[in-house]
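Read the structure below first, then the notes.
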Amino acid sequence: MADAKILPIQPGVAFAAVSLIAGVLAVITAREANGNQDVHHAYVSFAPSLLYGCVYWIWWVVVTFTLWNLADRWPVVLKASRVTIMAHLGASYVLGKAHLAILQHAIWFAGRHWPTWGRVDGTLVVTTIERLGVELVSYGFISGICAFLHSRMQTQQALVQKLDVERQLTQAQLKALQMQMEPHFLFNTLNAITALVEDGSQKEAADTLAHLNEILKSTLVRETPEKIPLAQELAVVEHYLAIEQVRFADRLCVEMSIDPDVLDSMVPCFLLQPIVENAIRHGISPLLDAGIIQASAERDGDMLHLSVRDNGPGLTSEGTAGHGIGLRNTEQRLAHFYPDKYKFSSGPRQSGGFEVSIIIPYERALA
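Structural data, given as structure tokens:
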């Protein structure tokens with residue numbers, strides 16, 4: 086976890102640092118060019134030499150951040166492959182020639198103010214031709230540094246995303262724990278048990294207490310892994326729905342359609358329970374008539390299809406925030422576990438109510 090302490094590269098800070106370094110080098114180059122003229126005891130303005138130094142170094146600042154921005158949009162730009170290497174060789178030649186042309190004009194402008202201009206003028210063409218190799222090497226060095234830093238930044242971003250998903254997983258576990266231990270949930274459940282006892286329904290009261298005990302055990306006793314068998318996930322959902330059925334009585338009907346062949350498939354822990362909880366809270370609770378929760382699980386080739394449906398009022402303005410946060414967290418977890426290999430959809434049903442559909446790769450639990 087030591088790598089987690091590495092600070093990510095900030096583009097703005099990097100741009101300022103590179104620009105500052107280039108500015109300092111431009112001043113040094115200008116002073117050297119201007120200093121060479123002092124031996125002739127002639128006054129030379131510093132401005133022309135500074136222009137030469139700026140053209141010499143600022144060019145590479147522009148090239149550096151052009152490469153960086155292109156890599157941000159198209160990461161393949163800095164990937165090592167035969168095509169990109171050939172492209173960079175061509176780019177280095179074109180940019181080198183362009184830089185030399187601009188540099189030549191800068192030398193012509195600045196050189197006219199130098200007492201040694203006659204000698205500069207005579208060797209200018211030879212100098213620029215010899216510098217083409219330096220230009221190619223400079224471009225290669227810069228592109229290599231950019232590729233290294235960009236790769237490092239992507240590694241850091243991947244690490245940050247991994248840590249963020251792990252944090253979300255922990256939050257999901259805590260959310261499940263809070264749901265189980267939430268005062269209102271416990272209060273309502275205990276009230277329902279008390280009412281059953283007072284009505285003489287001792288067996289129903291004992292069953293409800295047993296469901297509550299199983300929910301608490303699944304959260305408090307077990308060290309929750311990232312993935313669990315679907316059967317284990319459904320057990321928590323069934324205990325939760327059993328308690329809610331006591332509270333809602335005839336107002337809640339649960340329909341489960343689970344293919345027995347998928348019970349051993351691995352799914353992210355606490356994947357379905359928050360979705361079912363949302364369906365109860367935003368779909369069933371507002372209804373005055375009977376509400377229906379339907380859950381299904383089936384296999385289609387190498388994919389596992391899961392869905393949770395209700396016949397509630399659908400997505401209302403009051404329930405948008407609650408639905409949005411829970412569903413967004415679910416999709417982010419799916420993106421972590423199954424990048425580019427999952428499908429997640431949610432929305433109103435044509436027949437009324439709300440549906441959440443999940444398609445993930447089928448992974449059989451190890452025996």
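Per this note's numbering, the very first residue in the sequence shown carries number 86; after that it's consecutive. A virtual CB, placed ideally from N, CA and C, is assigned to each residue, including glycine. Please read all numbers here as calculations on a predicted model, not as lab measurements.
Query                                                                                             : Result
Rounded C-alpha distance that separates Glu448 from Glu416                                        : 18 Å
Distance CB(Glu383)-CB(Val347) smaller than 9 Å                                                   : yes
Opening and closing residue of the beta strand (DSSP E) in which Arg384 lies                      : 376–385
Simplified DSSP state of Val245, which is helix, strand or coil                                   : helix
Start and end residues, alpha helix (DSSP H) containing Pro398                                    : Careful: Pro398 lies outside any alpha helix (DSSP H) and carries neither H nor E.
Helix, strand or coil at Gly432 [DSSP, three-state]                                               : strand
Three-pair Cβ contact test at 8 Å for the segment 214–233 versus the segment 175–185              : yes
Extent of the continuous beta strand (DSSP E) to which Pro446 belongs                             : 439–446
Own chain residues within Cβ distance below 6 Å of Leu326, not counting five before or after      : Val339
Local conformation of Trp202 per DSSP, three classes                                              : Summary for Trp202: the model assigns pLDDT 48, below 50, so the residue's position carries little reliability, and this model does not support an answer.
Option nearest Cys460 by Cα separation, candidates Gly368, Arg394, Leu315, Leu248                 : Residue numbering for the chain in the displayed model covers 86 to 452; residue 460 lies beyond these limits and cannot be assessed.
Residue from Leu391, His235, Ala172 with nearest C-alpha to Thr149                                : His235
Beta-carbon proximity check, Ser381 vs Val441, cutoff 9 Å                                         : no
Residues bridged to Pro314 (per DSSP)                                                             : Met351
Through-space distance from Thr240 to His126, alpha-carbon basis                                  : Confidence at His126 is low in this model, with a pLDDT of 49, below 50, so the placement of that residue should be treated as unreliable; the coordinate-derived value is given next. Rounded to the nearest angstrom, the two C-alpha atoms are 56 Å apart.
Residue interval of the beta strand (DSSP E) (run including Val339)                               : 337–343
Contacting residues, own chain, Cβ-Cβ under 8 Å from Ile328 (five flanking each side not counted) : Thr274, Ala277, Thr293, His296, Leu297, Ile300
Unbroken alpha helix (DSSP H) run spanning Pro359, endpoints                                      : 358–363
For Arg449, the residue or residues it bridges with in DSSP                                       : Ser350
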